[in-house]
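**Q**
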Amino acid sequence: MTDRATGLFIPAAAALHDPGWGHPEHQGRLPALADAVGRALPLLHGRVEQLEGRLATLEELSRVHPPVHLERVHEASARAGETGNPVLAGEEVPLSGASWEAILGSAGCALEASERIAAGRLRNAFVATRPPGHHASAERAMGFCPVNHVAVVARHLQASGAAERVAIVDWDVHHGNGTQDIFYEDPSVFYLSLHQWPFYPGTGGEDERGAGRGRGTTLNVPIGAGTSREVYAEAFAGALQEAERSFTPDFILISAGFDALAGDPLGGLLLEPEDFHAFARSVMGWAGRGCAGRVLALLEGGYEPVRTGMAAVGTLTALAGRA
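Read in my numbering, the sequence shown has 263 at position 247, and its numbers run on one by one without any break.
#1: For the segment 137-184, which segments carrying the beta strand (DSSP E) assignment without a break, of at least 3 residues, lie completely within its bounds, in sequence order?
#2: Less than 8 Å between the beta carbons of Pro217 and His151, yes or no?
#3: Does the Cβ-Cβ distance between Ala166 and Gly177 come in under 8 Å?
#4: Check Ala134 in the structure and name its three-state DSSP category.
#5: Which residues in the same chain as Asp266 place their Cβ atom closer than 8 Å to its Cβ, once the five residues preceding and following it in sequence are excluded?
#6: Exposed or buried, which one is Gln257 when buried takes at least 16 other CB atoms within 10 Å?
#7: Kindly identify the DSSP beta-bridge partner or partners of Ser209.
#8: Restricting to runs no shorter than 3 residues, where is the beta strand (DSSP E) found entirely within the segment 46-91?
#9: Given that a residue counts as buried once 16 or more other Cβ atoms are within 10 Å of its Cβ, and exposed if not, what is Pro82?
#10: Taking the C-alpha atoms as reference points, what is the distance between Arg156 and Gly54?
#11: With C-beta atoms as the reference, is Phe292 less than 8 Å away from Thr331?
#12: So does the segment 111-125 actually touch the segment 69-80, counting three or more Cβ pairs closer than 8 Å?
#13: Could you give the uninterrupted runs of the beta strand (DSSP E) lying entirely in the segment 215-298, keeping only those of 3 residues or more?
#14: Taking Phe25 as the reference, which of His42, Gly44, Leu138, Tyr200 has the closest Cα?
#15: Give the C-beta separation of Ile198 and Val80 to the nearest angstrom, bearing in mind that I take them to be a contact with Cβ-Cβ under 8 Å.
#16: Is DSSP giving Val311 helix, strand or coil here?
#17: May I have the straight-line CA-CA distance separating Leu77 from Val168, to the nearest angstrom?
#18: Using the rule of at least 16 other Cβ atoms within 10 Å of the residue's Cβ for burial, across every protein chain shown, is Gly220 buried or exposed?
#19: Within its chain, find whatever has a CB closer than 7 Å to the CB of Met17; leave out the 5 residues flanking it on each side and keep chain order.
#20: Rounded to whole angstroms, what's the CA-CA distance from Leu315 to Glu290? Just pull it up for me.
#21: Where do the N-terminal and C-terminal ends of the beta strand (DSSP E) with Leu24 fall, by residue?
#22: What does a CB cutoff of less than 8 Å around Ser298 pick up in its chain, not counting 5 residues either side in sequence?
#23: Given 8 Å as the limit, is there contact between the segment 95-108 and the segment 54-68, that is, 3 or more CB pairs closer than that?
#24: Between the C-alpha atoms of Ser112 and Ala276, what's the straight-line distance to the nearest angstrom?
#25: Given Ala192, which residues of its chain have a CB within under 6 Å of its CB, disregarding the five upstream and five downstream residues?
#26: Would DSSP call Val109 helix, strand or coil?
#27: Assuming contact is defined by CB atoms lying nearer than 8 Å, are Thr234 and Gly226 in contact in what I supplied?
#28: Using the beta-carbon count (16 or more within 10 Å), is Glu107 buried or exposed?
#29: Please list the terminal residues of the continuous alpha helix (DSSP H) segment that includes Ala328.
#30: List the DSSP bridge partners of Leu104.
#31: Could you pull out every residue in the same chain whose Cβ sits closer than 7 Å to the Cβ of Leu49, ignoring the five residues on either side in sequence?
#32: Near Leu86, which residues of its chain fall below 8 Å by C-beta distance, leaving aside the five closest residues on each side in sequence?
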């Protein structure tokens, strides 16, 4: 434990991304999260520091996404700005005129947070990235996700020399097929995903363990719809233990989706907000033993705004060392 603060980044530009109020990933998500955090601030006083980030550069994004992909996303956002209507950048990825700035702001805050953690200026951090990212592969936007923030951070850490080996823990209800695809043959990045199965996007079977030199650095834990909280928690603990036995990271990233909550309109699992507090503490335990506590959580899904805010507070409270 240290006296360094936990960083909290809520990118101002992320609130402007507008796929429409009828869309699950609507603009009400971040205000609900910010409101929940605001109510928790007395508990977190002196332990959490809310910070401003920066905009990501095209060079930073291009460590994961080729220019043609970024141009396609940027152009879709620009067309939406001209027409005043959402424009698809990929399968189920509607963008508005403000979406490009939201992408740059979210990725930039995530990069800023990772740099501060790596430099020892923050203990760890939570970034409310929006739109989400884990379905985006290097060349394909899908599932609400135009750019893969967690992958961009992982490559930035490696390119800057801040980390050689990065672990990604993904507890979103959906499998992060984009993240898996990007690192599937890379032995320097371990990808662990617990997700509802069978379910969108149809990937994430137990037999998907990586390929080539990356064989063994992908671990998928499919969870059936309606699985009890207790069984899910046992699966999470077992998966984390397996990951720790086989991989020693220099930095751990969390794809913190909260659509595995009971009542989420896009999920079928039964978790409660306090479960994410426990999961975050478990990840912190691994980080404390393996990488000096370096953990960064990035928001993914979670489409019941009030409960998503509660789960985000649970995660943030755990990162801040509060019971």
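Ideal placement from N, C-alpha and C gives every residue a C-beta, glycine not left out.
**A** According to the structure shown:
#1: 140-143
#2: Yes.
#3: According to the sequence shown, residue 166 is Val rather than Ala. Val166 places its beta carbon 8 Å or farther from that of Gly177.
#4: The three-state secondary structure of Ala134, taken from DSSP, is helix.
#5: Leu173, Ala178, Ala179, Glu180, Arg181, Val182, Cys307, Arg310
#6: exposed
#7: Asp186, Asn236
#8: Uninterrupted beta strand (DSSP E) stretches at least 3 residues long and entirely within the segment 46-91 occur at 64-66, given in chain order.
#9: exposed
#10: 36 Å
#11: yes
#12: yes
#13: Counting only runs of 3 or more, we get 234-239, 267-272.
#14: Leu138
#15: 6 Å
#16: strand
#17: 6 Å
#18: buried
#19: Per-residue confidence for Met17 stands at a pLDDT of 35, beneath the threshold of 50, marking its modelled position as unreliable; no derived number is given.
#20: Straight through space, the alpha carbons of Glu290 and Leu315 are spaced by roughly 16 Å.
#21: 22-25
#22: Phe252, Ala253, Leu256
#23: No, the segment 95-108 is not in contact with the segment 54-68.
#24: 27 Å
#25: Reading off the sequence shown, one finds Gly at residue 192, where the question assumed Ala. Counting only Cβ-Cβ distances below 6 Å, and skipping sequence neighbours, we find His150, Asp186, Ser209, Ser271.
#26: In the three-state reduction of the DSSP assignment, Val109 falls in the coil class, being assigned neither a helical nor a strand state.
#27: Contact: yes.
#28: Per the 10 Å Cβ criterion, exposed.
#29: 321-335
#30: Pro110
#31: Ala144, Thr324, Gly325, Ala328
#32: Leu74, Leu77, Ser78, Val163
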